[in-house]
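One structure below.
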Amino acid sequence: MSNHVLRPLFVVAVLVFLGLLARHFIVPKDFGIGRTGYMYGWHRKSNVEDWKAVKVKYRTAEYCKDCHSDKIDLIMTSPHAIINCENCHGPAVDHPDDPPKLPIDRSRELCLRCHFPLPYPTSGRGKIRGINPELHNPGQACSTCHNPHKPELSIQ
Amino acid sequence: MITRRDFLKYTLKGAAGLAVPVAALEIAAPGKLFAGKYDPSGVRWVFLVDTLKCVGCGLCVKACKLENEIPYDANVTRTWVERYVLTKDGRVSADTPKGARDGFLTEKVELGQGKYRDIKKEEIEKAFFVPKLCNQCQNPPCVQVCPVGATYQTPDGVVLIDRKWCIGCGYCIMACPYGVRFFHPVYHVAEKCNFCYHRITKGMNTACVDACPFGARKIGNMKDPNDPVAKIIASERVGVLKEEYGTKPQVYYIGLSKEVR
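Protein chains in written order, with my numbering: chain A, 26 to 181; chain B, 27 to 287.
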């Protein structure tokens, strides 16, 4: 073949080589096709470990048992037994080391998530006793009268 | 001059020659790279939502945002709860204020642009709540469109996003028929629910499952015949969202209504 064919071919070969070389350095060593195949499996393998290493923040009521068993014993006898402590007190993370105290949310909105009356017969919501926040002791924290861990009325 | 015979010969040879480098270009042989380590082949994570039990308290949304470090006041969330109110005049009103992070504190249904529809008790035909999250599809369209391999399906069926590798092009956000993907306000990369992968791989429940007081959310392993969730999905009447898209979603719903999109 003549020169004017070989020369551009050579240029193309060099470009391809440079491309492959660049890719060799840019693409991480552990990038490849996982078990899920060509269609859905391309990934950087170490990313799976990155996701597994995310810190667990919600520790569940099991974790509170050792130190706040009084609260657990109390709430277990009430209709609020179904509500996990951290739903009202926020994620425990490393409490009591960090944070030493969990926040106490005394807002009425916390309780109204479930007790705002929504008359929906075809959902579980319709069965929870609701109170009209504008008429039911407005302006006062619910916990001044109801113990959130045992809301049945025994004025504290 | 090149003859027709020669031309065809060269073309054939060239094509054959090209086919070899294609195999050589493969970055790593499938299987080889992952052989011999963690074996998730006995697991296929599935999710079960019981819409009959959901009361719209939004504690799952709160828990998800805090557990997964989604900026609390940004109007994006990995999971959210929709409210559907069907009135006797045949109208469907649906809303999800802030993704129901604070629950539903009014009977007025948000219509957008600061408008609300006030619905009287007598007008209601039926009303219910539907929690939504990533469906971890068996055929995830979001993964197919990713140009850089930054989102992928793990062998146990969860679709993850590589925050270092994502270039933020947003194709996957457009491709998801369920609208579960969004840009993370801090990292500026695609973000979505991953079934709390850091929890389920440690034998825990997802944060939203633990947060739900009413048992409306459950996670299970479809490959375990004794798994209570797998049993329900296999033997009871469950539905999935937008089945016609062929994505094979793996979040199953009890009590799904045709109004739910």
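Cβ coordinates follow ideal geometry from the N, Cα and C atoms, glycine included.
Check whether residue i and residue j have beta carbons under 8 angstroms apart
i: P157(B); j: T273(B); result: no
i: C139(A); j: I129(A); result: no
i: H174(A); j: I100(A); result: yes
i: G183(B); j: Q170(B); result: no
i: T77(B); j: I280(B); result: yes
i: P163(A); j: H105(A); result: no
i: V69(B); j: N247(B); result: yes
i: A126(B); j: G84(B); result: yes
i: P116(A); j: E93(B); result: yes
i: P211(B); j: P97(B); result: yes
i: T85(A); j: D236(B); result: yes
i: C113(A); j: L137(A); result: no
i: C195(B); j: C86(B); result: no
i: V118(A); j: K96(A); result: no
Burial state of residue i (16 or more Cβ within 10 Å)
i: P33(A); result: exposed
i: H29(A); result: exposed
i: P11(A); result: No answer is possible for residue 11(A): it lies beyond the span of chain A, which begins at 26 and ends at 181.
i: E133(B); result: buried
i: Q165(A); result: exposed
i: S148(A); result: buried
i: E108(B); result: buried
i: Y63(A); result: exposed
i: T180(B); result: buried
i: T61(A); result: buried
i: F60(B); result: Model confidence at F60(B) stands at a pLDDT of 40, short of 50, so the residue's coordinates are unreliable and nothing is read from them.
i: Y36(B); result: exposed
i: I180(A); result: Because the pLDDT of I180(A) is 45, which lies under 50, any placement of that residue in the model is unreliable, and the number read from its coordinates should be weighed accordingly. Exposed is the call here.
i: K284(B); result: exposed
i: H68(A); result: buried
Span of the beta strand (DSSP E) around residue i
i: P173(A); result: Segment: none, P173(A) is in no beta strand (DSSP E) and carries neither H nor E.
i: K141(B); result: 141-143
i: W76(A); result: Here W76(A) belongs to no beta strand (DSSP E); instead the alpha helix (DSSP H) covers 71-77.
i: V39(A); result: Unbroken run through V39(A) is the alpha helix (DSSP H), 28-51; no beta strand (DSSP E).
i: R243(B); result: 243-247
i: K295(B); result: With chain B running from 27 to 287 in the structure shown, residue 295(B) is simply not present.
Rounded Cβ spacing between residue i and residue j (contact assumed at less than 8 angstroms)
i: I259(B); j: Y278(B); result: 5 angstroms
i: C234(B); j: A216(B); result: Going by Cβ atoms, the distance from C234(B) to A216(B) rounds to 20 angstroms, so no, they are not a contact pair.
i: L267(B); j: P275(B); result: 6 angstroms
i: V111(B); j: I145(B); result: 6 angstroms
i: R104(B); j: K190(B); result: R104(B) to K190(B), Cβ: 19 angstroms. No contact.
i: G265(B); j: K79(B); result: Contact flag wrong, Cβ pair sits at about 15 angstroms.
i: K77(A); j: T232(B); result: Not a contact, Cβ separation roughly 14 angstroms.
i: Y178(B); j: G59(A); result: 6 angstroms
i: C167(A); j: R133(A); result: 6 angstroms
Range of the contiguous alpha helix (DSSP H) that encloses residue i
i: K91(B); result: 85-93
i: N112(A); result: 110-114
i: I199(B); result: 197-201
i: V255(B); result: 254-261
* To do: Report the residue ranges of all alpha helix (DSSP H) runs contained in full by the segment 66-139 of chain B; include only those spanning at least 4 residues, in chain order.
  => 85-93
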